[in-house]
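Structure first, then comments.
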Amino acid sequence: MQPRNPEYAQQVAEIFRQAAFVMDVGYELVSIAPGRVATRLMVKPRHLQQDSVIHMGVQATMADHTAGAAAGSLIAEDQLVLTTGFTMNLLRAAVGEELRCRAQVLRAGRTLSVVESEVFAVAGGEETLVSKATVTLAVLPRKR
859 MQPRNPEYAQ QVAEIFRQAA FVMDVGYELV SIAPGRVATR LMVKPRHLQQ
909 DSVIHMGVQA TMADHTAGAA AGSLIAEDQL VLTTGFTMNL LRAAVGEELR
959 CRAQVLRAGR TLSVVESEVF AVAGGEETLV SKATVTLAVL PRKR
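Right under this line is the structure:
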């Protein structure tokens, strides 16, 4: 996949940092490549539900935002992406000291992009796939 913006990595990193909620939760960018982004979260007690499992909302936000970053790596400088559809499957209870997410663009269209995100819980250094999302994003003109 070819990015339409030669400065795609800087643009994705800046947009990621500008998302106040995402920064409040604590997600971090790990890597950016055309059509692929990886993120991580060091899990804290505030990320857990009452049963000490990482909250589905934490996983969903991570999957969505990482997918948006992956789709954003392929758009032009004067465009943006917004989620229009989101499906997530929880595969097992998410338990661990870290979450990792890897998103890959499946289709980058002129008006819609489809991205797959996989979320892994890391316990004792071992990754376990805990959820998977398919995210559809609209490609829109950026208003200056």
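If you use our numbering, the sequence shown closes out at 1002, no skipped numbers anywhere. Ideal Cβ positions, reconstructed from N, Cα and C, are used throughout, including at glycine.
- K990 is bridged by DSSP to N947 and E976.
- When the alpha-carbon of I873 is set against those of L887, Q860 and I912, the nearest one is in L887.
- Assignment of M920 by DSSP, reduced to helix, strand and coil, places it in the helix class.
- With a contact defined as Cβ atoms closer than 8 Å, V953 and I912 qualify at about 7 Å.
- By a beta-carbon distance limit of 8 Å, L932 contacts V963. Their separation comes to about 6 Å.
- Under the Cβ criterion (8 Å, minimum of three pairs), the segment 981-1001 counts as touching the segment 923-941.
- F978 and M920 have their C-alpha atoms some 11 Å from each other.
- Remark: C-beta atoms of R894 and A928 approach each other more closely than 8 Å.
- In this structure, T897 lies away from T945, with their beta-carbon atoms at least 8 Å apart.
- R958: member of the beta strand (DSSP E) spanning E956 to A966, first to last residue.
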